Amino acid sequence: MILLSRSEEIILLAIWKLKDNAYGVTIREQVSNDTGHDWTFGAIYKPLKQLYSKGFVVKTMSEPFSERGGRSKFLYNITAKGEKALKQIKKINESVWTKESRLAFD
Amino acid sequence: MSIISKKPPGIAARIVKFFLSEEDFYQCSGDLEEVYRSKLDDEGKFRAVLWYYTQILRSLPVYIEGSIYGGIMMIKNYLKISLRCIRRNRLYSIINITGLSIGIAAAILVTFYIQFELSYDRHHPDSGRIYRITANNMAITPNPLAKAMKEEMPEIVEIVRFNPVNLWGDRLFRYRERIFYEKNFVLTESSIFNMFSIDFVYGDPETALSTPASLVISESIAKKYFGDAEPIGKVINYENKFDFVVSAVIKDLPENSHLTFEILGSYHVQNEFYPKEYTDRWGSWNFISYVKLDENAVAQNIEKKLPEFIRSHWTDEDYRENTIKLQSLEDIHFSHAQFADTGRKTDIRFLYFYGIAAFFVLMLACMNFANLATAQSVKRSGEIGLRKVFGAKRKQIIKQFIIESSILSLMAFPISIVFCSFLYPVFAKMTGLPLVFSLEGKYGFIGTMLLITMSTGILAGCYPGIFVSSLNIIKILKKAARINSKGLSIRNSLIFSQFSISVFSLCCMLIITGQNNYIRNKNLGIDNENILVIRLRNKDVRQSFESFRQEVSRLSGVKSVSGFSLLPLTGGYNFLSTWEGQYPGISDNDKILKGVAVDTDFLETFAIEVLKGRGFSENDRSESVKYYILNEAAVKHTGIDNPIGSKFKLDYDRYNMGEVIGVVKDFHFTSLHSQIEPFIFVLNERSLYHSAIKIDGNELRSTMTSISEIWEEINPGQPLESFFYYDELNKMYSSDLALGEAFIYISFLVIFLAGIGLFGLTSYIVENSSKEIGVRRILGAKIYMIISGISGNFVKIILLTNIIAFPAAYYIMNKWLESFAYRTEISIVSFLASSLIMFLIAILTITSRSLRAASTNPADILRYE
Chain A
1 MILLSRSEEI
11 ILLAIWKLKD
21 NAYGVTIREQ
31 VSNDTGHDWT
41 FGAIYKPLKQ
51 LYSKGFVVKT
61 MSEPFSERGG
71 RSKFLYNITA
81 KGEKALKQIK
91 KINESVWTKE
101 SRLAFD
Chain B
1 MSIISKKPPG
11 IAARIVKFFL
21 SEEDFYQCSG
31 DLEEVYRSKL
41 DDEGKFRAVL
51 WYYTQILRSL
61 PVYIEGSIYG
71 GIMMIKNYLK
81 ISLRCIRRNR
91 LYSIINITGL
101 SIGIAAAILV
111 TFYIQFELSY
121 DRHHPDSGRI
131 YRITANNMAI
141 TPNPLAKAMK
151 EEMPEIVEIV
161 RFNPVNLWGD
171 RLFRYRERIF
181 YEKNFVLTES
191 SIFNMFSIDF
201 VYGDPETALS
211 TPASLVISES
221 IAKKYFGDAE
231 PIGKVINYEN
241 KFDFVVSAVI
251 KDLPENSHLT
261 FEILGSYHVQ
271 NEFYPKEYTD
281 RWGSWNFISY
291 VKLDENAVAQ
301 NIEKKLPEFI
311 RSHWTDEDYR
321 ENTIKLQSLE
331 DIHFSHAQFA
341 DTGRKTDIRF
351 LYFYGIAAFF
361 VLMLACMNFA
371 NLATAQSVKR
381 SGEIGLRKVF
391 GAKRKQIIKQ
401 FIIESSILSL
411 MAFPISIVFC
421 SFLYPVFAKM
431 TGLPLVFSLE
441 GKYGFIGTML
451 LITMSTGILA
461 GCYPGIFVSS
471 LNIIKILKKA
481 ARINSKGLSI
491 RNSLIFSQFS
501 ISVFSLCCML
511 IITGQNNYIR
521 NKNLGIDNEN
531 ILVIRLRNKD
541 VRQSFESFRQ
551 EVSRLSGVKS
561 VSGFSLLPLT
571 GGYNFLSTWE
581 GQYPGISDND
591 KILKGVAVDT
601 DFLETFAIEV
611 LKGRGFSEND
621 RSESVKYYIL
631 NEAAVKHTGI
641 DNPIGSKFKL
651 DYDRYNMGEV
661 IGVVKDFHFT
671 SLHSQIEPFI
681 FVLNERSLYH
691 SAIKIDGNEL
701 RSTMTSISEI
711 WEEINPGQPL
721 ESFFYYDELN
731 KMYSSDLALG
741 EAFIYISFLV
751 IFLAGIGLFG
761 LTSYIVENSS
771 KEIGVRRILG
781 AKIYMIISGI
791 SGNFVKIILL
801 TNIIAFPAAY
811 YIMNKWLESF
821 AYRTEISIVS
831 FLASSLIMFL
841 IAILTITSRS
851 LRAASTNPAD
861 ILRYE
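Okay, here's the thing in structure tokens:
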């Protein structure tokens, strides 16, 4: 079983949703939209690094952009391992929740 | 809009850069800039910049966490290398650790001092909202004032009033055979326990002062009277006229409190001791009042309302001119002496003075480290160069040096604690801190000490780190950067500042010591050695004074006994006087002459010289004519041509014109801070409140024992209160003496630090140029030539320091001397002496180190070439 921290999971999902356009700025926007909180860049990079070192995402460099002051983007793409992890988490979540059907919040 | 203006702010980016790896920084700055630009276009510059900074500040914790995590592996390596270096260069490490521990010790002591002084009266809840009412700059008010203020001003939530019985003299308390004069007795209201934080050992704050007979005493008073017995319910007799019952015992007030009472009586008892006239009248200025304001109230607004308020209460025309102010509780400790003030006072300038001094001592210690570390860094250039080749970044090398100096300062920390424990008693005596110092429960302070230590380490390591990391790798590895000229000039300027500070403080020390010696040796015109002053506190002892005087005069060690009303030191009374030929329209101010009442032996006891006429004699004790003696200043002030026999009178006196019978030489009746003023002696043996006994210095101790035996015999049950006149006089110079003493210690510390710094640096130079010395010796150089070659540069620097140090010392010392009416002139000798002393110290240091190198056989040095 693969375990991810909550923030890693949310970011990985964001990368998966963003498909080919996942880099710092878009990831932060996506995550902020998903959770309804304003995430700082600092809060994004650390889990991103973890995801990268665990092999759930790959990193490629784009051509430089002038609006980034001539810097390239680091584009993140989800790997097969990453997708598998997401599916697994979803399955675990569902099975945990169905077993506890009495619980209703609203 | 140009491209450049779209750049995000640079400073913020630098902060981030310090914590992130290069790749992370690349990504981060790119992302930030992209969003920044879009914000710039949509929301304008201000919001964009604001956003940028908040982003970075909010991300900082994560960055810092990351950088620590990532750095741990390297830190292990740094630690290892640092410890190796420290061990390898024992001499330099010892110099560094000693220097740093002295610096840290000074900083710790001074931090403690400043914290203590600033903590005065802060322990009461809402201390910022408590004010003392002052009138015309005196801490004294009429009793009804505070009460009326509370009734009419909703902003005032609480008041406490004191009847400061202690101000009018010490009071006699008796429990069985234990009889003492107590000087800290006040009457007060129960609200005192709400306003001030006072801890109870026994009893209840609600009822402690509820009856007239209630008495609240402090723990130490309880111990003094009852020992270990239970104090509650015990009856203490007051002044042989009233019985108090102990109702509660409170903890002793902390040292850092301006309140000093030890015994509290109830306000209800006032009517037993005082007429209504005294307690209820608006014209009776005899009470101390504190008020506590509402959270939202502003003291200034209340002060503004006060004139109107006063007008509505004081019916008497005279009292309308009073300026009533609210003085914050937190300021009382630093305020200048006012009438009826209590507790120890500190001149806030001393806080700055010690703060600056400690800062300089600490800086000097850091400079030593920086100096030695940069000098040594050449030796370590191989290590640093190799690190750089393997990709060490600049900040990593800086970090390494900071870690190294932090280790040294952590090693210095325990040593500095030892220094502190030795220096504390001396320092406490100098500054008036409590003599017992415990760290118990002072976690904040322990934290501060560690913080000082760590920041010293970081401060000391910064410069060498920046310097070494800026060197060019290739040059380092080729050892071309041996004597780097930039490093040299920095080292020179560090030596320069160290010696400037040393010369400066030495100069100040010599000048202050000079003035203090002047104070000690100046002929005051009044004898002050071995004069024992005894207080004649009440009627009983005053009545038996004559028999006491006769008994004491018979002792072999007693030269003279006399009585007088008030110590001339205090400035004496202000007598409104009338004299022969007085200008009719003279103002009251010009009619005032200072003076005291004395008996016939006073002038003899204090050896005051009579210039014209004579002193008082037995025959002058006339009921019909009063006799006076003036000093020269008084003769000059009154303008009497022939003083002897001229008519003179004190205005309050019911007698007719008296007569001047003598003129004494001007004498310094108070400290040398003030000018000699017109002064008169009045023969009046009814108001002798003190006695002065001139004792033979050789029989001091035995005579004092005999005197106290005679006192016991003549005044049974009356405590003997005595002090030496000289000590009392010295108290007037306490801050001058403290300053002198402080400068002695400071000079010693800075000279020591500068000395070991120079020693280390010479050692280093000698070590490094041993080959050069060897070659020179072979080519025929004499030892003195080599020594002068090494020392020449330093000597030049040390001579240059005088240019800065002299004017600085002159300016500051001149300012200080201006506070004296009688002072020494600043002599060039103190400058020359301090310069010479520093010069000799430098020469000795350099020579001792270079002599060995110069006298080694060159063959031993050069044999491996």
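Sequence order for the protein chains is A and B.
Reminder that position 92 of the first sequence reads as 92 in my numbering, one-by-one numbering, no gaps.
Reminder that position 313 of the second sequence reads as 313 in my numbering, one-by-one numbering, no gaps.
For every residue, glycine included, the Cβ atom is placed at its ideal position computed from N, Cα and C.
Computed from a predicted model, the values in this text were never measured in an experiment.
Since residue i is in the alpha helix (DSSP H), which residue starts that stretch and which ends it?
| i | result |
| --- | --- |
| residue 429 of chain B | 394-431 |
| residue 225 of chain B | 219-226 |
| residue 768 of chain B | 734-768 |
| residue 19 of chain A | Note, residue 19 of chain A: premise wrong, no alpha helix (DSSP H); not H, not E. |
| residue 76 of chain A | Unbroken run through residue 76 of chain A is the beta strand (DSSP E), 74-78; no alpha helix (DSSP H). |
| residue 148 of chain B | 143-152 |
| residue 375 of chain B | 348-377 |
Using a 10 Å radius around the Cβ and a threshold of 16 neighbouring Cβ atoms, would you call residue i buried or exposed?
| i | result |
| --- | --- |
| residue 10 of chain B | exposed |
| residue 4 of chain B | Because the pLDDT of residue 4 of chain B is 46, which lies under 50, any placement of that residue in the model is unreliable, and the question is left without a value. |
| residue 483 of chain B | Its pLDDT being 49, under 50, residue 483 of chain B is placed unreliably in this model, and the value from its coordinates should be taken loosely. Exposed is the call here. |
| residue 6 of chain A | exposed |
| residue 31 of chain B | buried |
| residue 515 of chain B | buried |
| residue 141 of chain B | buried |
| residue 58 of chain A | exposed |
| residue 631 of chain B | buried |
| residue 446 of chain B | exposed |
| residue 2 of chain B | Caution is warranted here: a pLDDT of 44 is assigned to residue 2 of chain B, below 50, making its placement in the model unreliable, and no coordinate value can be reported. |
| residue 98 of chain A | exposed |
| residue 63 of chain B | buried |
| residue 92 of chain A | exposed |
| residue 55 of chain B | buried |
Roughly how many angstroms separate the alpha carbons of residue i and residue j, rounded to a whole number?
| i | j | result |
| --- | --- | --- |
| residue 131 of chain B | residue 329 of chain B | 5 angstroms |
| residue 320 of chain B | residue 310 of chain B | In this prediction, residue 320 of chain B scores a pLDDT of 49, lower than 50, which makes its location untrustworthy; the coordinate-derived value is nonetheless stated afterwards. If I take the Cα positions, the gap works out to 7 angstroms. |
| residue 143 of chain B | residue 134 of chain B | 13 angstroms |
| residue 427 of chain B | residue 815 of chain B | 25 angstroms |
| residue 721 of chain B | residue 535 of chain B | 6 angstroms |
| residue 683 of chain B | residue 648 of chain B | 13 angstroms |
| residue 318 of chain B | residue 290 of chain B | Because residue 318 of chain B carries a pLDDT of 49, less than 50, the predicted location of this residue cannot be relied on, and the following value inherits that uncertainty. Cα-Cα distance, rounded: 24 angstroms. |
| residue 708 of chain B | residue 605 of chain B | 19 angstroms |
| residue 543 of chain B | residue 173 of chain B | 21 angstroms |
| residue 790 of chain B | residue 450 of chain B | 39 angstroms |
| residue 50 of chain A | residue 44 of chain A | 10 angstroms |
| residue 185 of chain B | residue 166 of chain B | 5 angstroms |
| residue 492 of chain B | residue 498 of chain B | 10 angstroms |
| residue 806 of chain B | residue 379 of chain B | 37 angstroms |
| residue 86 of chain A | residue 17 of chain A | 12 angstroms |
| residue 242 of chain B | residue 259 of chain B | 25 angstroms |
| residue 395 of chain B | residue 474 of chain B | 19 angstroms |
| residue 873 of chain B | residue 538 of chain B | Residue 873 of chain B falls outside the range modelled here, since chain B spans only 1 to 865, and no answer is possible. |
| residue 279 of chain B | residue 288 of chain B | 12 angstroms |
Counting along the chain, where does the beta strand (DSSP E) carrying residue i start and finish?
| i | result |
| --- | --- |
| residue 134 of chain B | 130-135 |
| residue 532 of chain B | 531-535 |
| residue 578 of chain B | 573-579 |
| residue 613 of chain B | 610-613 |
Taking C-beta pairs closer than 9 angstroms, name the residues in chain C that residue i reaches, listed in chain order.
| i | result |
| --- | --- |
| residue 55 of chain A | Looking for chain C here will not work: the only protein chains present are A and B. |
Does the segment 353-364 of chain B come within contact of the segment 137-148 of chain B, defined as at least 3 CB pairs closer than 8 angstroms? no
Touch test, the segment 834-846 of chain B against the segment 749-765 of chain B, Cβ-Cβ under 8 angstroms, three pairs minimum: yes
As an exercise, report each continuous alpha helix (DSSP H) stretch of at least 4 residues that is fully enclosed by the segment 56-126 of chain B, in chain order. 90-118
Please list the segments of the beta strand (DSSP E) lying wholly inside the segment 673-712 of chain B, counting only runs of 3 or more residues, in order along the chain. 679-683 and 690-695
Check whether the segment 525-542 of chain B touches the segment 402-414 of chain B, counting contact only when three or more Cβ pairs, one atom from each stretch, lie closer than 8 angstroms. With the cut-off at 8 angstroms, the segment 525-542 of chain B and the segment 402-414 of chain B do not touch.
Below 8 angstroms, how does it come out for the segment 196-206 of chain B and the segment 233-253 of chain B: are there three or more Cβ pairs, yes or no? yes
Count the C-beta pairs between the segment 499-519 of chain B and the segment 681-699 of chain B that are closer than 8 angstroms, then say yes if the count reaches three, no if not. no
Inter-stretch contact at 8 angstroms, needing at least 3 Cβ pairs: the segment 369-389 of chain B / the segment 459-466 of chain B: yes
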